[in-house]
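Notes follow the structure.
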DNA sequence: AGATAGATGCGAAGGGTTTGCAGGTAGATA
DNA sequence: TATCTACCTGCAAACCCTTCGCATCTATCT
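Protein chains in written order, with my numbering: chain A, 5 to 165; chain B, 5 to 165.
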């Protein structure tokens, strides 16, 4: 159950917090939701539901698993959070991340478990390309690759996942 | 539990069957594995484990769920079959498809449930691009988009999933 | 044909997620 | 500010999909 390390793309500074964006959408804010939103906003690695739950419990021992699941589902439905499975390199868990302002892809190293997340214009424009060429209007997009990151290619010693 | 319709890309003709490719890799061939390989090869829609099991049972009532799961896992590990979740538009199930010779992406329509699968050089080369730019060597890749297909954009009447 | 690593059927267990309900609370209203 | 109501939460059981351990069977090699 080791955390999946991220190599996150530069965050857009001055982006409103997840809690603020929830409120702006008229989502009813409870203490639990504020807590969960803050945890997701500040996560340094990819969190699955259980990890979110454990983190939340440190600050509010009464929070319940079901609330975590319900909130994650809500945020996903609202498009505020994306659900990933990171090519299932570390089991069948689903991971959650706040949807960033600039789209990025996920490169999951099967050797070290690290996740690189390059972002930028090129990836953003794939949706546009698909639109032009097929007429499909994408609202959500997910691009994941599994393989070996640069350092694991050069270092044949397995370092565990 | 309606089947997820595919709009598959042109199949490379004369491609060896999945069963043949299994044998070529030295995978021990049992009657069950031959049956499952044939089902996957000829599937006209995306199948999850349960659907594969149900189809298999029509031809061999003694086949067991566990065998289906074990075989799918084997094929996935061997890179002969890809596991998809199609943006979870129809639940948390995982779908399986024989890995095609030419990579394609999955465009999942949230209105009609159809899956368009455009393929071609451009998508193939994304791995190469990532390699050049980040050093990451991708072995598996998955690109899925969720949204509205062309006809569902033009036809506001919901047609169910 | 005989030997054996490996596959299968079986049923139970496992892990993650959802649900129904009773009680509690945010946010609207006056 | 007090009241109201729709909505949220905690709880525990249920649910679903997937895996496991074990005894038996079999594909493949000699």
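From the three backbone atoms N, C-alpha and C, an ideal C-beta is built for every residue, glycine too.
Based on DSSP bridge pairs, tell me the residues matched to residue i.
i              : result
residue 8(A)   : 50(A)
residue 144(B) : 150(A)
residue 123(B) : 108(B)
residue 87(B)  : 100(B)
residue 156(B) : Per DSSP, none; premise fails for residue 156(B).
residue 113(B) : 151(B)
Take residue i and list the residues in its own chain whose beta-carbon comes closer than 7 Å to its own, dropping the five residues that flank it on each side.
i              : result
residue 59(B)  : 43
residue 108(A) : 13, 121, 122, 123, 127
residue 150(A) : 91, 93, 112, 114
residue 27(B)  : 33
Compute the Euclidean distance between the alpha carbons of residue i and residue j, then round it to the nearest angstrom.
i              : j              : result
residue 148(B) : residue 35(A)  : 35 Å
residue 123(A) : residue 45(A)  : 18 Å
residue 24(B)  : residue 86(B)  : 17 Å
residue 83(A)  : residue 91(A)  : 21 Å
residue 102(B) : residue 38(A)  : 44 Å
residue 4(B)   : residue 93(A)  : Only positions 5 to 165 of chain B appear in the structure, and residue 4(B) is not among them; the question remains open.
residue 18(A)  : residue 157(A) : 37 Å
residue 41(B)  : residue 98(A)  : 28 Å
residue 96(B)  : residue 95(A)  : 14 Å
residue 9(B)   : residue 70(A)  : 33 Å
residue 21(A)  : residue 159(A) : 39 Å
residue 74(A)  : residue 11(A)  : 28 Å
Can you list, in chain order, the residues of its chain whose CB lies under 8 Å from that of residue i, leaving out five sequence neighbours each side?
i              : result
residue 100(A) : 44, 50, 51, 52, 53, 56, 76, 79, 80, 85, 86, 87, 88
residue 153(A) : 111, 113, 115, 116, 118, 120
residue 155(B) : 116
When we look at the beta-carbon of residue i and count the other beta-carbons within 10 Å, is it buried (16 or more) or exposed?
i              : result
residue 72(B)  : buried
residue 68(A)  : exposed
residue 144(A) : buried
residue 125(B) : exposed
residue 146(A) : buried
residue 47(A)  : buried
residue 134(A) : buried
residue 163(A) : A caution first: residue 163(A) carries a pLDDT of 48, below 50, which makes its placement in the model unreliable, though a value can still be read off. When all chains shown are included, residue 163(A) counts as exposed.
Enumerate in chain order the residues of its own chain whose CB-to-CB distance from residue i is below 6 Å, with the five nearest sequence positions on each side excluded.
i            : result
residue 5(A) : Unreliable positioning characterises residue 5(A) in this predicted model, as indicated by a pLDDT of 48, which lies under 50. The coordinate reading is nonetheless provided below. Taken in chain order, the list of residues that qualify is empty.
Return yes when the C-beta of residue i is under 6 Å from any heavy atom of the ligand GDP, and no when it is not.
i             : result
residue 44(A) : Inclusion of the ligand GDP in the displayed structure is not the case, the ligand content being empty and no account of it being possible.
### Message
Tell me whether the segment 111–124 of chain A and the segment 63–77 of chain B touch, counting them as touching only if at least three CB pairs, one residue from each stretch, are closer than 8 Å.
### Response
no
### Query
Below 8 Å, can you find three or more Cβ-Cβ pairs linking the segment 21–38 of chain A to the segment 71–81 of chain A?
yes
### Query
Does the segment 133–145 of chain B touch the segment 130–141 of chain A, meaning 3 or more C-beta pairs lie closer than 8 Å?
no
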